[in-house]
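Numbering-wise, my numbering comes out as the position in the sequence shown, counting from 1, plus 223.
Here a beta-carbon is modelled for each residue, glycine too, at the ideal position from N, C-alpha and C.
This report concerns only the one structure given below.
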Amino acid sequence: MVYHSTRNSALAVSSAEAIAQGIAADGGLFVPAFIPELSAADFDALKGLTYAERAARLFKLYLTDFTDEELRECTHNAYETGSFETPDVQEITTLADGSMLLELWHGPTCAFKDMALQILPHFLTRAIKKTGTDKEVVILTATSGDTGKAALAGFRDVPGTKIMVFYPEDGVSSMQKRQMQTQEGANVCVCAVRGNFDDCQNGVKAIFTDPEMEQALAENGMQFSSANSINWGRLVPQIVYYVSAYVTMLEKGILKNGERFSITVPTGNFGNILAAWYAKQMGVPVGHLICASNINNVLTDFINTGVYDRSRTFHATVSPSMDILISSNLERLLYHMTGENDAQIREWFTALKTDGKYDIGTELKNRIRAEFSGSFWDDDQTKAMIGKVFAENGYLSDTHTAVGICAARDFLAKAADKEPMLIASTANPYKFGAAVYSAIGGNADGADEYAVLDLLQEKSGMPIPAALAALKKKAVRFTDVVAQDAMPAYVKEKLGIR
Ligand SMILES: *Cc1c(COP(=O)(O)O)cnc(C)c1O
224 MVYHSTRNSA LAVSSAEAIA QGIAADGGLF VPAFIPELSA ADFDALKGLT YAERAARLFK
284 LYLTDFTDEE LRECTHNAYE TGSFETPDVQ EITTLADGSM LLELWHGPTC AFKDMALQIL
344 PHFLTRAIKK TGTDKEVVIL TATSGDTGKA ALAGFRDVPG TKIMVFYPED GVSSMQKRQM
404 QTQEGANVCV CAVRGNFDDC QNGVKAIFTD PEMEQALAEN GMQFSSANSI NWGRLVPQIV
464 YYVSAYVTML EKGILKNGER FSITVPTGNF GNILAAWYAK QMGVPVGHLI CASNINNVLT
524 DFINTGVYDR SRTFHATVSP SMDILISSNL ERLLYHMTGE NDAQIREWFT ALKTDGKYDI
584 GTELKNRIRA EFSGSFWDDD QTKAMIGKVF AENGYLSDTH TAVGICAARD FLAKAADKEP
644 MLIASTANPY KFGAAVYSAI GGNADGADEY AVLDLLQEKS GMPIPAALAA LKKKAVRFTD
704 VVAQDAMPAY VKEKLGIR
């Protein structure tokens with residue numbers, strides 16, 4: 224399997240190169256030359272296997288320059304060494320209304336990003352060796368909260384790597400901030416940026432694509448890579464969990480062979496929902512894909528109008544990991560759906576940069592709408608849904624998942640054909656404890672993030688995840704705050720280069 228850039232179909236690199244580079248030099252994203260298809264017999268063959276075994280088989284289809292043994296080592300290290308608190312890695316919970324939650328947050332940092340970021344360091348260190356460079360990898364990551372912590376946890380003390388994480392100073396929950404500021408490990412660095420997530424992301428992208436910076440790193444035996452969901456090594460593990468969820472639903476008799484179901488995904492950067500779309504292309508019988516947003520509703524507008532317009536007010540919400548105005552992974556969907564029209568992608572993404580928007584036209588918009596719908600929900604609606612789901616099921620959902628539940632219920636209420644519904648549940652509710660606590664009728668005013676954990680446990684009966692309870696005893700290590708334009712100098716300083 225070779226990988227092309229969304230902005231240059233003639234470029235062809237191996238999967239190891241795609242993972243090692245993170246983003247193509249032309250600014251495009253790496254995409255597989257074709258999407259492998261699975262037959263009913265292939266799905267059958269995945270039954271009875273552990274999550275790690277399933278993952279290794281599926282990775283083999285995309286990461287063809289990795290050996291079976293390497294892939295099995297990677298999946299073993301990521302999923303079978305106790306960092307996930309459930310042996311199945313992911314869990315499916317059925318609510319009273321019949322909809323199913325795909326819980327993806329049983330990993331060490333309590334958000335779905337662990338599913339990919341526990342394995343990415345293993346892919347990346349092997350990919351670097353395969354590409355023949357012995358440079359030290361510097362992972363540079365912009366985060367809206369969860370990616371940063373999950374990347375830090377994944378890369379902590381991995382030989383041959385350093386990791387630097389930038390987060391928006393006031394754009395993450397207090398628990399997310401605490402998780403990052405207390406990160407242990409000799410190769411980690413965390414810094415706040417004055418601004419929002421897009422400012423962080425733009426700052427990181429600018430550093431990545433600065434030739435002078437690249438040169439300075441190379442002279443010091445280093446190279447950048449990315450742990451953001453623009454890295455193919457993040458997306459492919461996400462495809463795995465949708466395929467695996469389908470196989471598990473077959474095993475449990477929830478679905479019959481080939482029975483269609485819809486998937487709702489609370490979305491920010493469009494990575495998680497794009498993984499569901501890839502799973503569909505591979506043969507998972509997915510009906511509709513529902514893209515759920517908070518009031519940063521750029522994707523809802525895009526799906527409804529075909530115009531992606533980032534020029535709008537940025538809102539901080541109770542679902543901060545979805546407070547995003549530029550959904551990078553949409554570029555991959557558009558590339559595939561335009562028949563790999565790289566010239567068209569270049570035109571649109573240049574327009575996004577210069578005019579803040581692009582228009583895909585009616586024909587493509589209609590094709591996208593045949594597969595996707597979008598809706599958005601404000602903080603009051605999100606919290607009301609947390610309260611409702613708790614009252615109906617005794618089940619606590621986090622703020623992001625609740626946005627998904629809002630969108631899923633709305634979709635089903637209007638749908639003529641009521642297919643089973645799988646909703647991606649993206650974080651443990653304790654990660655956003657204050658909002659969740661107030662949603663179920665509590666008042667946490669004045670309580671710090673640890674007191675909120677106790678209050679929420681008392682009221683809900685759901686156990687506090689050990690990883691969050693343990694933070695209280697950890698020292699705060701990182702308190703730096705910089706402006707976006709000071710990021711390059713900060714990176715150089717921390718890496719000890721000029
Ligand atoms: C990152 C994140 C999202 C958004 O995922 P994307 O892949 O960026 O669409 C949703 N919920 C939570 C809890 C997250 O951490």
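Just how far apart, CA to CA, sit residue i and residue j?
i	j	result
ILE609	GLY476	28 Å
ALA248	SER238	15 Å
GLY562	GLY579	24 Å
VAL705	ASP267	52 Å
ASN443	ALA374	23 Å
PHE447	GLN424	15 Å
THR273	ILE342	16 Å
THR364	ASN492	14 Å
PHE420	ALA264	43 Å
VAL459	PHE253	12 Å
ALA409	ASP380	6 Å
GLN707	GLY418	8 Å
ILE430	ASP582	28 Å
GLU586	SER596	16 Å
PRO711	GLN404	20 Å
ALA233	GLN567	14 Å
LEU281	VAL463	7 Å
THR622	SER542	5 Å
Could you give the first and the last residue of the continuous alpha helix (DSSP H) run that contains residue i?
i	result
VAL470	455 to 474
GLN424	420 to 431
PRO344	343 to 353
THR622	622 to 637
ARG277	274 to 285
LEU548	Note, LEU548: premise wrong, no alpha helix (DSSP H); not H, not E.
LEU478	Counting along the chain, LEU478 falls outside any alpha helix (DSSP H), and DSSP gives it neither H nor E.
SER661	656 to 662
Just list the residues that DSSP pairs residue i with in beta bridges.
i	result
MET644	SER485
LYS385	VAL361
LEU512	ILE486 and PHE595
CYS414	PHE389
VAL236	TYR226
ASN231	SER228
ALA264	DSSP output for ALA264 lists no bridge partner at all.
ALA241	BP columns for ALA241 are empty, so no partner.
Going by DSSP, what residue range makes up the beta strand (DSSP E) through residue i?
i	result
ASP393	Taken as a continuous stretch (DSSP letters only), ASP393 belongs to no beta strand (DSSP E), as it is neither H nor E.
HIS227	226 to 228
GLU326	323 to 326
TYR581	580 to 582
Here's the rule: buried if 16 or more other CB atoms are within 10 angstroms of the residue's CB, otherwise exposed. What is residue i?
i	result
GLY330	buried
GLY802	Because the chain here runs from 224 to 721, residue 802 falls outside it and cannot be looked at.
ALA693	exposed
ARG349	buried
THR304	exposed
ASP422	buried
GLU240	buried
GLU716	exposed
SER262	exposed
PRO489	buried
LYS641	exposed
SER534	exposed
GLN402	buried
PRO434	exposed
PHE257	exposed
Under a three-way DSSP split, which group does residue i fall into?
i	result
PRO255	strand
GLU303	coil
MET710	helix
GLY597	strand
GLY330	coil
ILE215	Within the shown structure, residues of the chain are numbered from 224 to 721, placing residue 215 beyond reach of any answer.
THR532	Looking at the sequence provided, one finds Asp at residue 532 rather than Thr. Of the three classes helix, strand and coil, the one that applies to ASP532 here is strand, per DSSP.
GLN446	strand
VAL704	strand
ALA791	A question about residue 791 goes unanswered here, because the residues of the chain that appear run from 224 up to 721.
ALA670	coil
ALA376	helix
ALA248	coil
ALA692	helix
ALA650	strand
ALA614	helix
ILE720	coil
ALA439	helix
ALA607	helix
Do residue i and ligand 3 come close, with the Cβ less than 7 Å from some heavy atom?
i	result
SER544	Although ligand 3 was asked about, the structure shown includes only ligand 1 as ligands.
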